[in-house]
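K.L.:
Residue numbers (this note's numbering): 5 to 75.
The beta carbon of each residue, even a glycine, is placed where N, CA and C say it ideally should be.
Remember, predicted model here, so these are calculated numbers, not experimental data.
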């Protein structure tokens, strides 16, 4: 099943009927489900970026401390 936006702004779902691909308007529940998936992916992306930033800051701090060590 494919979901695609049309020029009119509504979403259509690709289905195969009688060996032909037909684009029909998507059900409200399908649109709602896909919106929730999209929002969840955005939240995961933000979390991953924050974790990477925190790790980089931590690594930079450790490197600065290591530079202070004199042998």
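Can you tell me the Cα-Cα spacing of residue 26 and residue 20, whole angstroms?
P.N.:
By one-based count along the chain shown, residue 26 stands at place 22. By one-based count along the chain shown, residue 20 stands at place 16. Residue 26 and residue 20: Cα-Cα distance of roughly 6 Å.
K.L.:
Using the Cα positions of residue 62 and residue 72, report the straight-line distance between them to the nearest angstrom.
P.N.:
Counted from its first residue, the chain shown places residue 62 at position 58. Counted from its first residue, the chain shown places residue 72 at position 68. Approximately 16 Å, taken between the alpha carbons.
K.L.:
Rounded to the nearest angstrom, how far is the Cβ of residue 34 from that of residue 16, given a contact under 8 Å?
P.N.:
In the chain shown, the residue the question calls residue 34 occupies position 30. In the chain shown, the residue the question calls residue 16 occupies position 12. Taking 8 Å as the upper bound for CB-CB distance, residue 34 and residue 16 are not in contact here, some 10 Å apart.
K.L.:
In the DSSP assignment, find the beta strand (DSSP E) that holds residue 20 and state where it starts and stops.
P.N.:
Here residue 20 corresponds to residue number 16 of the chain shown, with the count starting at 1. The continuous beta strand (DSSP E) containing residue 20 extends over residues 15-21.
K.L.:
List the residues that DSSP assigns as beta-bridge partners of residue 24.
P.N.:
Here residue 24 refers to the residue found at position 20 when the chain shown is read from its first residue. In DSSP, residue 24 forms a bridge with 21.
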